[in-house]
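Under the working numbering, residues 82 to 614 are what the sequence shown spells out, in order. Positions of the beta carbon are idealized from the N, C-alpha and C atoms, including for glycine. Below you'll find the structure, written out as structure tokens, and then a few comments.
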Amino acid sequence: MPFKLVPFTGDQDFDLSAKNTYIVGRAVTSDIPIFDPTISRRHAELVPNTTGVTVKDLGSSNGTFINGTRVTEGTLAANDSVTFGKVVFQLKSLDATPVRPPANQAPAPNQTIVRQVSVSGGMPAVMSPSASGSPSGVGQLKVAGVSTQERQAKKLSLLLEVAQKLSGELDLDKVLGRVVTTTFDVMNVDRVSVLLRNDGTGELIPRMSKSRLGDASAQHVPRSIARKAVEERVAILSDNAAADDRFKGGQSIMIQSVRSAMCIPLMASAEQVLGILYVDNLTATNSFSDEDLQFLIAFGGLAAIAIKTSRFAEQIQREAMVRSNFERYFAPNVAAEIAQQQGAVKLGGDRRPVTILFSDIRGFTSMSEHMSPDAIAGLLTDYFTEMVEVVFSHGGTLDKFIGDAIMALWGAPIPHADDPDRAVAAAIGMQRALVALNEKWKEEGKPEIGVGIGINYGDTFAGNIGSHLRLEYTVIGDAVNVASRLCSKSSKGEILISDPLYQMLKDKPAVEPLEPLAVKNRGAPVPVWKVKI
Numbered sequence: 082m083p084f085k086l087v088p089f090t091g092d093q094d095f096d097l098s099a100k101n102t103y104i105v106g107r108a109v110t111s112d113i114p115i116f117d118p119t120i121s122r123r124h125a126e127l128v129p130n131t132t133g134v135t136v137k138d139l140g141s142s143n144g145t146f147i148n149g150t151r152v153t154e155g156t157l158a159a160n161d162s163v164t165f166g167k168v169v170f171q172l173k174s175l176d177a178t179p180v181r182p183p184a185n186q187a188p189a190p191n192q193t194i195v196r197q198v199s200v201s202g203g204m205p206a207v208m209s210p211s212a213s214g215s216p217s218g219v220g221q222l223k224v225a226g227v228s229t230q231e232r233q234a235k236k237l238s239l240l241l242e243v244a245q246k247l248s249g250e251l252d253l254d255k256v257l258g259r260v261v262t263t264t265f266d267v268m269n270v271d272r273v274s275v276l277l278r279n280d281g282t283g284e285l286i287p288r289m290s291k292s293r294l295g296d297a298s299a300q301h302v303p304r305s306i307a308r309k310a311v312e313e314r315v316a317i318l319s320d321n322a323a324a325d326d327r328f329k330g331g332q333s334i335m336i337q338s339v340r341s342a343m344c345i346p347l348m349a350s351a352e353q354v355l356g357i358l359y360v361d362n363l364t365a366t367n368s369f370s371d372e373d374l375q376f377l378i379a380f381g382g383l384a385a386i387a388i389k390t391s392r393f394a395e396q397i398q399r400e401a402m403v404r405s406n407f408e409r410y411f412a413p414n415v416a417a418e419i420a421q422q423q424g425a426v427k428l429g430g431d432r433r434p435v436t437i438l439f440s441d442i443r444g445f446t447s448m449s450e451h452m453s454p455d456a457i458a459g460l461l462t463d464y465f466t467e468m469v470e471v472v473f474s475h476g477g478t479l480d481k482f483i484g485d486a487i488m489a490l491w492g493a494p495i496p497h498a499d500d501p502d503r504a505v506a507a508a509i510g511m512q513r514a515l516v517a518l519n520e521k522w523k524e525e526g527k528p529e530i531g532v533g534i535g536i537n538y539g540d541t542f543a544g545n546i547g548s549h550l551r552l553e554y555t556v557i558g559d560a561v562n563v564a565s566r567l568c569s570k571s572s573k574g575e576i577l578i579s580d581p582l583y584q585m586l587k588d589k590p591a592v593e594p595l596e597p598l599a600v601k602n603r604g605a606p607v608p609v610w611k612v613k614i
């Protein structure tokens, strides 16, 4: 089965054919190249098959996620989302949407939408002939054909066209508008309404309505019909709602002069009702036929899929918006964790132990005096990109850039038991990444740089600090000052750590002691260790 990988951003999509293997990555040689800093050069492998796509993460720094869950290997089905780093795609099937079984077939044992004809005498919840022995209603479906086969073919073609239109729309209001407009286009009805259930209260809320009479009456769906469709999960056809015993006491039916009506539940799954699709005629009884209800059930199934997909897309977009705000400072997986943990980053802040890392380019001021502004900006962009990727890959938080310096945190806002070890591993990774970066610059005729790094561990105030116009998540306190002093003391290629940090390390690296460091406002010098790289 052919599939298409469609980005939520609207950029280029990718066709996936069975029996092929596709490499997703930042490298230009990738089968699916994604030029984003959160994507690794060889990020993931995709293998399509007849039912879906097997997804395998290739050891990427920022992970691969299926429907929001990080995976090493998993299976992607049609309409599922897959996230590489922070770039989100949805898998679309290129096959036609299957049509529901014909209306005259009995429902499967686990089928929850029961077809039902509601007439004055009261009929069982199956499609049966009317009391007169003839099919119920004259029919309002705008499908012409000289034979049953021709009409069936035209109905299938119409459903396919509807499926294609609905699948191409992700905005919920536009989906509902298209559902209502299409219903008017294909059926002779006076009113159409879509009501969606509130997830919290279960109440049916009018979302999209239209009346051929040009008034607001389409918003008023008879409660007795709507309640029966939702509670019993049945599709209802009423030849004469006002005379139907099952709707006795339904004053809204009498007030609105409802004569013929059809109402179907919009099912997201066997147990979840998204809402209802309701149509009626106000003047004629026996206006809808069995064929009309059959078509509306199939059409409603397509509408329910489109509504579910658009809601899922809205959820992904909301999470992506939250994550895009956080991902400037946090690793993508940390940002995803924050987005899922309501209140993880609070207004204000609290005291907590944090590991603080400062890095600074040595001699950058004098070096930049001999470089053009564009050259300085290009060099810093390359440098910051590599360093931040290392920080993120070790679960760190980017606090800020200070000129050519970097301040990074571990333990805020999401703490981990091995935060000090992560920080030291990141520092070693930064120095090694800089060696490779310098080799590249040397070949390009660019100047080489050296970086000093200082790391400390201690109690800080962590939280949102600033004014009502601009807030910044950061940490303040004496532990921050000590980390900054350690960085200032370090030379090119060095990593200096404080004794409190060294004592917290579970996997202690090779170190050598240095002269204790005098720090302002501290009575005793701070013991210092130099990490051997």
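According to DSSP, residues forming a beta bridge with residue i
i           : result
residue 442 : 532
residue 522 : Paired residues: none, contrary to the question.
residue 430 : 544
residue 345 : 358
residue 593 : 611
residue 292 : 272
residue 85  : 96 and 173
residue 470 : DSSP output for residue 470 lists no bridge partner at all.
residue 138 : 125
residue 667 : This structure cannot settle anything about residue 667, because the visible part of the chain is limited to 82 through 614.
residue 537 : 437
residue 448 : Beta-bridge pairing links residue 448 to no other residue.
Backbone CA spacing between residue i and residue j [nearest angstrom]
i           : j           : result
residue 593 : residue 512 : 18 Å
residue 528 : residue 250 : 51 Å
residue 575 : residue 469 : 18 Å
residue 153 : residue 474 : 16 Å
residue 278 : residue 395 : 17 Å
residue 276 : residue 356 : 5 Å
residue 387 : residue 437 : 48 Å
residue 379 : residue 135 : 31 Å
residue 332 : residue 283 : Because the pLDDT of residue 332 is 45, which lies under 50, any placement of that residue in the model is unreliable, and the number read from its coordinates should be weighed accordingly. Roughly 22 Å separates the two Cα atoms.
residue 461 : residue 273 : 60 Å
residue 329 : residue 270 : Below a pLDDT of 50, predicted positions are generally treated as unreliable, and residue 329, at 47, falls in that range; no measurement from the model is reported.
residue 580 : residue 472 : 22 Å
residue 458 : residue 544 : 30 Å
residue 483 : residue 264 : 59 Å
residue 346 : residue 116 : 44 Å
residue 156 : residue 247 : 25 Å
residue 240 : residue 496 : 52 Å
residue 111 : residue 104 : 6 Å
residue 236 : residue 254 : 26 Å
residue 139 : residue 132 : 22 Å
residue 147 : residue 174 : 16 Å
residue 489 : residue 569 : 15 Å
residue 143 : residue 595 : 36 Å
residue 565 : residue 163 : 40 Å
Buried or exposed by the 16-neighbour rule on C-beta atoms within 10 Å, applied to residue i
i           : result
residue 603 : exposed
residue 493 : buried
residue 516 : exposed
residue 310 : buried
residue 526 : exposed
residue 109 : exposed
residue 96  : exposed
residue 196 : Any answer about residue 196 is weak, because its pLDDT of 38 lies below 50 and its placement is not dependable; what the coordinates show is given next. Result: buried.
residue 145 : buried
residue 372 : buried
residue 259 : buried
residue 584 : exposed
residue 597 : exposed
Residue i and residue j closer than 9 Å at C-beta
i           : j           : result
residue 578 : residue 600 : no
residue 556 : residue 542 : yes
residue 536 : residue 508 : yes
residue 287 : residue 342 : no
residue 319 : residue 220 : no
residue 358 : residue 243 : no
residue 166 : residue 113 : no
residue 500 : residue 588 : no
residue 107 : residue 124 : yes
residue 626 : residue 256 : Beyond the ends of the chain as shown, which are 82 and 614, falls residue 626; an answer cannot be given.
residue 510 : residue 491 : no
residue 532 : residue 455 : no
residue 102 : residue 86  : no
Residue i CB to nearest heavy atom of the ligand FMN below 8 Å
i           : result
residue 581 : Questions concerning the ligand FMN fall outside what the structure shown contains, since it holds no ligand whatsoever.
Ordered list of alpha helix (DSSP H) runs contained in the region 539-577, each at least 4 residues: Taken in chain order, the unbroken stretches of alpha helix (DSSP H) that lie wholly in the region 539-577 and span 4 residues or more are 559-570.
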